Amino acid sequence: MQEPQASWRESLGAFLHPRVVVMLFLGFSAGIPILLIFSSLSLWLREAGVERAAITFFSWAALGYSFKFVWAPLVDQLPVPWLSRLLGRRRSCLLVAQFAIIAAIGAMASIDPALGAESQTAMALAAVALGFSSATQDIVIDAYRIEAADTRLQSMMSASYIAGYRVAMVVAGAGALVLASGFGTELGNYQYSAWSNTYWIMAAVMLVGVATTLTINEPALSEQRSYSYSALEYGRFVVLFALALAGFILCFYLTSEPSGALKKALSEGVGNRALASFLVETLRLVIAASVSFVVARVLLKTGLVKQSMVDETYVAPVRDFFDRYGVKAALFLLLLVGSYRISDIVLGVISNVFYLDMGFSKEQIATAVKTFGVVMAIAGGFLGGLLAMRQGVMRILFLGALLSAATNLLFMILADKGADLLWLYIVVAADNLSAGLAGAAFVAFLSSLTSISFTAMQYAIFSSLMTLLPKILGGYSGSIVDSIGYDWFFIFTTLIGLPVLLLIVMARRWIGIEALPQTVTAKVE
902 MQEPQASWRE
912 SLGAFLHPRV
922 VVMLFLGFSA
932 GIPILLIFSS
942 LSLWLREAGV
952 ERAAITFFSW
962 AALGYSFKFV
972 WAPLVDQLPV
982 PWLSRLLGRR
992 RSCLLVAQFA
1002 IIAAIGAMAS
1012 IDPALGAESQ
1022 TAMALAAVAL
1032 GFSSATQDIV
1042 IDAYRIEAAD
1052 TRLQSMMSAS
1062 YIAGYRVAMV
1072 VAGAGALVLA
1082 SGFGTELGNY
1092 QYSAWSNTYW
1102 IMAAVMLVGV
1112 ATTLTINEPA
1122 LSEQRSYSYS
1132 ALEYGRFVVL
1142 FALALAGFIL
1152 CFYLTSEPSG
1162 ALKKALSEGV
1172 GNRALASFLV
1182 ETLRLVIAAS
1192 VSFVVARVLL
1202 KTGLVKQSMV
1212 DETYVAPVRD
1222 FFDRYGVKAA
1232 LFLLLLVGSY
1242 RISDIVLGVI
1252 SNVFYLDMGF
1262 SKEQIATAVK
1272 TFGVVMAIAG
1282 GFLGGLLAMR
1292 QGVMRILFLG
1302 ALLSAATNLL
1312 FMILADKGAD
1322 LLWLYIVVAA
1332 DNLSAGLAGA
1342 AFVAFLSSLT
1352 SISFTAMQYA
1362 IFSSLMTLLP
1372 KILGGYSGSI
1382 VDSIGYDWFF
1392 IFTTLIGLPV
1402 LLLIVMARRW
1412 IGIEALPQTV
1422 TAKVE
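In terms of the working numbering, the numbers along the sequence shown are unbroken and rise by one, the last being 1426.
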């Protein structure tokens, strides 16, 4: 089937489309929290004399991003008291998430981790709260984007979102470090007030997202949906979810020490520390998830929540996807979703180590990757969005996968050239342009697979699945390089990207872009 295409005039005009511009600011709001949880906070803790590895709670901060599909259905189904009537389904959830982010950042700013174990635990819990509220904001923004415009505009909205996100990461990363340094703190001369002021400023920066939420209009599709149950029934459902989540967290916490001993014993047995760690952590997650499931089932037996609410919230979104495409095509599409990013993510894990091994300084790498690379990725995203509107999503999806795999071969040239700055910038430019182009088309493709009836749940599953396999395989990048060397590793990352091309061709032949569910273009007020 022929994909719907736009003229060059229409494609270029999309840069100024109100929905595209809005996504720039929402992307900025989404990009602020993540580095405040990880890299910036790591430096704060280091200056305060705290080893991050000593605080086990910090590992939980990432769980919000990895398991957001677990509570994404609540975003689709549950109203926010009073606010949902006033602002609408998406805007009310978005505003709550943004104020939760501000509160969590403010809590972190109010805690001095140098005061001892209790303060460090409080900081860790605040970071976990920031991770979960930030992941919730991501869920709502994805749902808003999909409902706000039709499939053809999704690639440009995605590019705009990514641009705002990357700018925010610079602000929360390099910007936060500049602020903290300007306020007088440094390694060996720790000043709590400097980091506190910095985090309060970052909390204030989040008001950009709040202002955007209050300014935009609720998507027309969201306004058409109604809530099916009473406030009391929704409240009981939240209690059930909270208790099941508490069971998961408690089990995950209690298995921390036994898992450490098991990892050590297993790594000695199999002779592979990374494999042992992966197996033990997977088992730990399975056990915790099983406990959570048992808690939920027991509570259901008590009649706390109607079974129909659980079915509509968790079962219906999955059933809908398989009903629309059939089991065979649905599994095939999930395979494509799970493998599309495999080539660039697996290489990306080891890229900075490779640059160091080639003899580049940390300053050279930072300038090339963190500054020039970000600009190239943003440019690639907008180029991908423009071409997807003009040529169709599936064609650019194919082009992005091809370039992501092929540009990995340029790393072989850099390996031969050594510490050649010109070739470093050529490789970084090609790598980030192709990643940006592929990313914009891929998000548009994922959006087209999502049913409007279950926007948050289905997209959250897709976004979690798309990095699962690549990240697992990427965890072995260092071991692979040690075994076969850089040149063969780059060839390997190129080859594992080639089957994706076949999957895209088959996907286009099986379902066609016109068979994908289209959202309805929302009115632009």
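Note that CB positions come from ideal geometry on N, CA and C, so glycine has one too. Small disclaimer: the values here were computed from a predicted structure and weren't measured.
Beta-carbon gap between Ser1352 and Asp1221 smaller than 8 Å: As a working note, residue 1352 is residue 451 in the sequence shown. As a working note, residue 1221 is residue 320 in the sequence shown. In contact: Ser1352 and Asp1221 (Cβ atoms closer than 8 Å).
Validate contact between the stretch 1136-1146 and the stretch 1193-1200 using beta carbons, cut 8 Å, 3 pairs: As far as the Cβ criterion goes, the stretch 1136-1146 touches the stretch 1193-1200, which means the pair count is three or higher.
Contact under 8 Å by Cβ, Ala1060 with Ala1341: On the sequence shown, residue 1060 is found 159 positions in, with the first residue counted as 1. On the sequence shown, residue 1341 is found 440 positions in, with the first residue counted as 1. Closer than 8 Å, so yes.
Straight-line Cα distance separating Leu1155 from Ala1162: Translated into the one-based positions of the sequence shown, residue 1162 becomes position 261. Translated into the one-based positions of the sequence shown, residue 1155 becomes position 254. Each residue's alpha carbon lies about 13 Å from the other.
Status (buried if at least 16 other CB within 10 Å, exposed otherwise) for Gly1227: As a working note, residue 1227 is residue 326 in the sequence shown. Its Cβ having fewer than 16 others within 10 Å, Gly1227 is exposed.
Among Lys1372, Tyr1093 and Lys1202, nearest to Phe1179 - alpha-carbon criterion: As a first step, residue 1179 must be located in the sequence shown, where it is residue number 278. The residue with the shortest Cα to Cα distance from Phe1179 is Lys1372.
Candidates Tyr1241, Glu1134, Val971 and Ser1160, of which the one nearest Ser1305 by Cα: As a first step, residue 1305 must be located in the sequence shown, where it is residue number 404. Nearest of Tyr1241, Glu1134, Val971 and Ser1160 to Ser1305, Cα basis: Tyr1241.
Phe1312 versus Ile1392: straight-line alpha-carbon distance, rounded: Translated into the one-based positions of the sequence shown, residue 1312 becomes position 411. Translated into the one-based positions of the sequence shown, residue 1392 becomes position 491. Taking the straight line from one Cα to the other gives about 10 Å.
Alpha-carbon to alpha-carbon, Val1328 and Phe1287: Position 386 of the sequence shown, counted from the first residue, corresponds to residue 1287. Position 427 of the sequence shown, counted from the first residue, corresponds to residue 1328. According to the sequence as given, residue 1287 is Leu; it is not Phe. Going from the Cα of Leu1287 to the Cα of Val1328 covers about 23 Å.
Continuous alpha helix (DSSP H) stretch holding Phe968: start and end: If you number the sequence shown from 1, residue 968 lands on position 67. Where Phe968 is concerned, there is no enclosing alpha helix (DSSP H), given that its DSSP letter is neither H nor E.
Cβ-based neighbour list, Arg1185, same chain, cut-off 7 Å, excluding 5 preceding and 5 following: By 1-based counting over the sequence shown, the position of residue 1185 is 284. Cβ neighbours of Arg1185 within its own chain (closer than 7 Å, five residues either side excluded): Phe1153, Thr1156 and Ser1160.
Same chain only: Cβ atoms within 6 Å of Leu1338, ignoring 5 sequence neighbours per side: Mapped onto the sequence shown, residue 1338 falls at position 437. Excluding residues within five positions, the ones whose Cβ falls inside 6 Å are Gly1281, Leu1284, Gly1285 and Gly1301.
At least 3 beta-carbon pairs within less than 8 Å: the stretch 1004-1018 vs the stretch 1093-1113: Because the criterion of three Cβ pairs below 8 Å is met, the stretch 1004-1018 and the stretch 1093-1113 touch.
Beta-ladder partner(s) of Asn1090, from DSSP: Position 189 of the sequence shown, counting from 1, holds the residue named residue 1090. In the DSSP output, where bridge partners are listed per residue, Asn1090 has Glu1087.
Contact under 8 Å by Cβ, Met1290 with Met1009: Counting from 1 along the sequence shown, the entry for residue 1290 is found at position 389. Counting from 1 along the sequence shown, the entry for residue 1009 is found at position 108. For Met1290 and Met1009, no; Cβs fall outside 8 Å.
Identity of the residue in Glu1087, Ser1035 and Leu1054 nearest Ala1104 by Cα: On the sequence shown, position 203 is the one that residue 1104 refers to. The shortest C-alpha separation from Ala1104 is found at Ser1035.
Cβ-Cβ distance between Met1277 and Leu1334 below 8 Å: As a position in the sequence shown, residue 1277 is number 376, starting the count at 1. As a position in the sequence shown, residue 1334 is number 433, starting the count at 1. Leu1334 is positioned such that its CB atom lies closer than 8 Å to that of Met1277.
Residue span of the alpha helix (DSSP H) that contains Trp1324, given as start and end: In the sequence shown, residue 1324 corresponds to position 423, counting from 1. Taken as a continuous stretch (DSSP letters only), the alpha helix (DSSP H) holding Trp1324 covers Leu1322 to Leu1350.
The stretch 1228-1247 contacting the stretch 1392-1402, beta-carbon criterion three pairs below 8 Å: As far as the Cβ criterion goes, the stretch 1228-1247 touches the stretch 1392-1402, which means the pair count is three or higher.
Any non-hydrogen atom of the ligand PLP closer than 7 Å to Gly965 Cβ: This structure simply doesn't include the ligand PLP, nor any ligand for that matter.
Val1109 versus Met1024: straight-line alpha-carbon distance, rounded: Counting from 1 along the sequence shown, the entry for residue 1109 is found at position 208. Counting from 1 along the sequence shown, the entry for residue 1024 is found at position 123. For the pair Val1109 and Met1024, the Cα-to-Cα distance works out to about 25 Å.
Residues near Ile1003 by beta carbon distance below 6 Å, same chain, minus five either side: Position 102 of the sequence shown, counted from the start, is the residue given in the question as residue 1003. Scanning its chain for C-beta atoms nearer than 6 Å, with the 5 sequence neighbours on each side dropped, one finds around Ile1003 the residues Ala1104 and Met1107, in chain order.
Distance CB(Ile933)-CB(Ala1028) smaller than 8 Å: Within the sequence shown, the letter at position 32 stands for residue 933. Within the sequence shown, the letter at position 127 stands for residue 1028. Between Ile933 and Ala1028, the gap from beta carbon to beta carbon reaches 8 Å or more.
Exposure of Arg992, with buried meaning 16 or more beta-carbon neighbours within 10 Å: Here the question's residue 992 lines up with position 91 in the sequence shown. With at least 16 other beta carbons inside 10 angstroms of its own, Arg992 counts as buried.
Bounding residues of the alpha helix (DSSP H) (the contiguous stretch that carries Asp1212): In the sequence shown, residue 1212 corresponds to position 311, counting from 1. Looking at the DSSP string, Asp1212 is not in any alpha helix (DSSP H), and its letter there is neither H nor E.
Inside the stretch 1246-1298 only - alpha helix (DSSP H) runs reaching at least 4 residues: Fully enclosed alpha helix (DSSP H) runs of 4 or longer: 1263-1266 and 1274-1292.
First through last residue of the alpha helix (DSSP H) which encompasses Met1431: Past the edges of the chain, shown from 902 to 1426, lies residue 1431, and the structure says nothing about it.
Rounded C-alpha distance that separates Val921 from Leu1236: On the sequence shown, position 20 is the one that residue 921 refers to. On the sequence shown, position 335 is the one that residue 1236 refers to. Answer to the nearest angstrom: the Cα atoms are 29 Å apart.
Given 8 Å, three or more beta-carbon pairs between the stretch 1260-1273 and the stretch 1038-1046: They do not touch, by the three-pair rule.
Straight-line gap, Ala1361 to Gln999 (C-alpha atoms, nearest Å): One-based indexing of the sequence shown puts residue 1361 at position 460. One-based indexing of the sequence shown puts residue 999 at position 98. Between the alpha carbons of Ala1361 and Gln999 lies a distance of about 18 Å.
DSSP state of Val1106 mapped onto helix, strand, coil: Counted from its first residue, the sequence shown places residue 1106 at position 205. Residue state, collapsed to three classes: helix.
Limits of the unbroken alpha helix (DSSP H) element including Pro934: For this step, residue 934 is matched to residue 33 along the sequence shown. It spans Pro919 to Ile938 - the alpha helix (DSSP H) in which Pro934 sits, taken as one unbroken run.
CA-to-CA distance, Ser930 to Val1216, given in whole angstroms: Taking the sequence shown and counting its residues from 1, the one referred to as residue 1216 is at position 315. Taking the sequence shown and counting its residues from 1, the one referred to as residue 930 is at position 29. Roughly 31 Å between the two C-alpha positions.
Rounded Cβ spacing between Ala1064 and Gly1274 (contact assumed at less than 8 Å): Locating residue 1064 in the sequence shown gives position 163, where the first residue counts as 1. Locating residue 1274 in the sequence shown gives position 373, where the first residue counts as 1. Contact doesn't hold; Cβ gap of about 14 Å is too wide.
Expected contact under 8 Å - CB spacing of Ala1316 and Met1259 to nearest Å: Here the question's residue 1316 lines up with position 415 in the sequence shown. Here the question's residue 1259 lines up with position 358 in the sequence shown. 7 Å between Cβ atoms; contact.
Start-to-end residues for the alpha helix (DSSP H) that takes in Ser1034: For the purposes of this step, residue 1034 is identified with residue 133 of the sequence shown, where counting begins at 1. Unbroken alpha helix (DSSP H) run through Ser1034: Ala1018 to Ala1049.
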